[in-house]
Amino acid sequence: MGNNTGKAKRNSSNSKRAKAKDSGDFPAEITTSSDLEKFLTEIRDKMSDGTSAPIYSLSSLRYLLNLPNIYDILDENNREIARDIWLRLKQSGFHVKAPPMLFDSSEQVGGS
Numbered sequence: 236m237g238n239n240t241g242k243a244k245r246n247s248s249n250s251k252r253a254k255a256k257d258s259g260d261f262p263a264e265i266t267t268s269s270d271l272e273k274f275l276t277e278i279r280d281k282m283s284d285g286t287s288a289p290i291y292s293l294s295s296l297r298y299l300l301n302l303p304n305i306y307d308i309l310d311e312n313n314r315e316i317a318r319d320i321w322l323r324l325k326q327s328g329f330h331v332k333a334p335p336m337l338f339d340s341s342e343q344v345g346g347s
């Protein structure tokens with residue numbers, strides 16, 4: 236009996252994740268710089284209007300920076316948007332190091 240309950244919970248959890256993917260919470264795939272710009276802008280806008288907790292924005296930024304094609308699609312405009320998001324996260328109280336792909340080693344950013 237206990238095993239079936241565990242399976243039901245896992246299946247329910249998986250279907251919730253699938254629904255979230257389909258609803259646009261996370262893009263299915265980010266393959267172009269315009270896809271990246273759209274997603275970064277959405278993160279920044281949600282941070283600005285307070286509809287997203289900073290931890291979700293941090294998680295989203297981490298997801299983006301770990302994409303296998305990030306070096307191909309991170310153009311200067313997207314880099315600036317991502318830097319803005321990162322600085323907002325620092326201002327919200329997160330103690331995180333500056334990502335090297337966003338900030339040069341010569342830049343001093345908020346005590347990192």
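Per the numbering used here, residue 236 is the first one in the sequence shown, and the count goes up by one each step. All C-beta atoms in this analysis are idealised placements derived from N, C-alpha and C, irrespective of residue type, glycine included.
Q.
Which same chain residues end up closer than 6 Å to methionine 282 when comparing Cβ atoms and leaving out the 5 residues on each side of it in sequence?
A. Ser292 and Arg323
Q. What residue range is occupied by the uninterrupted alpha helix (DSSP H) comprising threonine 276?
A. 268-284
Q: Go ahead and label serine 258 buried or exposed: buried means 16 or more other beta carbons lie within 10 angstroms of its beta carbon, across all protein chains shown.
A: Because serine 258 carries a pLDDT of 40, less than 50, the predicted location of this residue cannot be relied on, and the following value inherits that uncertainty. By the 10 Å Cβ count, serine 258 comes out exposed.
Q: Could you tell me the distance, in whole angstroms, from the CA atom of isoleucine 265 to the CA atom of leucine 271?
A: 6 Å
Q.
Spatial neighbours of lysine 256 within its chain, please: C-beta separation below 6 Å, excluding the five flanking residues on both sides.
A. In this predicted model, lysine 256 has a pLDDT of only 42, less than 50, meaning its place in the structure is not dependable enough to derive any value.
Q. Given a threshold of 16 other Cβ atoms within 10 Å of its Cβ, counted over all protein chains shown, does alanine 333 qualify as buried or as exposed?
A. Counting the other Cβ atoms within 10 Å of the Cβ of alanine 333 gives 16 or more, which makes it buried.
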